[in-house]
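Data block below; observations after.
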Amino acid sequence: MALRGELGHTLVETNHGRLCGCGRRGCLETYVSSTGIVTTAIELLTGSTDFSVLKEIPSNQLTSLDIATAAANGDAIAVKAFRYTGKMLAIALANAVAITSPEAIFLSGGLVKSGKLLFDPLIECYNKCVLPLYKGKVQILPSLLLDKNTGLLGAAALAMEY
Numbered sequence: 228m229a230l231r232g233e234l235g236h237t238l239v240e241t242n243h244g245r246l247c248g249c250g251r252r253g254c255l256e257t258y259v260s261s262t263g264i265v266t267t268a269i270e271l272l273t274g275s276t277d278f279s280v281l282k283e284i285p286s287n288q289l290t291s292l293d294i295a296t297a298a299a300n301g302d303a304i305a306v307k308a309f310r311y312t313g314k315m316l317a318i319a320l321a322n323a324v325a326i327t328s329p330e331a332i333f334l335s336g337g338l339v340k341s342g343k344l345l346f347d348p349l350i351e352c353y354n355k356c357v358l359p360l361y362k363g364k365v366q367i368l369p370s371l372l373l374d375k376n377t378g379l380l381g382a383a384a385l386a387m388e389y
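Take any residue in the sequence shown, note its place counting from 1, add 227, and you have its number in the working numbering.
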């Protein structure tokens with residue numbers, strides 16, 4: 228049985244990180260996912276005296292789409308949530324590039340649909356974190372595959388290898 232890596236379950240926070248569905252704490256996907264950015268926004272809102280339209284939404288009803296809409300309209304808390312999310316993803320991708328040396332990385336999932344809101348801080352931080360050897364050599368792109376089909380297509384590609 229061939230094992231494939233799972234970047235979403237690499238640890239990005241080892242000191243009291245967020246609890247992941249896999250049972251560990253601090254996995255990347257708990258920070259860089261639709262639910263992860265909601266958690267980040269709630270953490271940023273907690274105790275903040277800054278104005279944010281997100282404060283008008285009950286935390287149990289807050290969605291990543293609400294955060295993206297607010298960020299697109301310049302809401303400071305929402306923009307901070309995207310910057311933090313981009314930073315966490317950039318660090319993980321820079322580490323993955325150092326290990327695997329890919330030509331390109333394709334991202335999928337709900338947050339990718341936010342476009343520049345995620346990609347601008349991601350690319351900015353990635354360029355600061357990546358080894359100079361790889362700077363400008365690895366493309367980070369949104370996947371053109373529909374999210375609901377990526378698992379199926381990946382399994383089919385794996386089956387074709389054997």
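Each residue gets a CB set at the ideal place from its N, CA and C atoms; glycine is no exception. Nothing here was measured: the structure is a model prediction, and the numbers come from that model.
Same chain, Cβ closer than 6 Å to Gly263, neighbours up to 5 away in sequence not counted: Thr257
For Pro329 and Gly274, the rounded distance between their alpha carbons: Between the alpha carbons of Gly274 and Pro329 lies a distance of about 41 Å.
Inter-residue Cα distance where the pair is Ala229 and Leu320: With a pLDDT of 48 at Ala229, under the threshold of 50, the modelled position of that residue is not reliable, and the figure given next carries that caveat. Going by the C-alpha atoms only, they are around 23 Å apart.
Where Leu368 falls: helix, strand or coil (DSSP): strand
Segment contact flag, the segment 239-257 with the segment 293-300, C-beta cutoff 8 Å, min 3 pairs: no
CB of Tyr353 within 8 Å of CB of Ala317, strictly: yes
Proximity to Gly342 [Cα-Cα], best of Thr312, Lys364 and Leu360: Thr312
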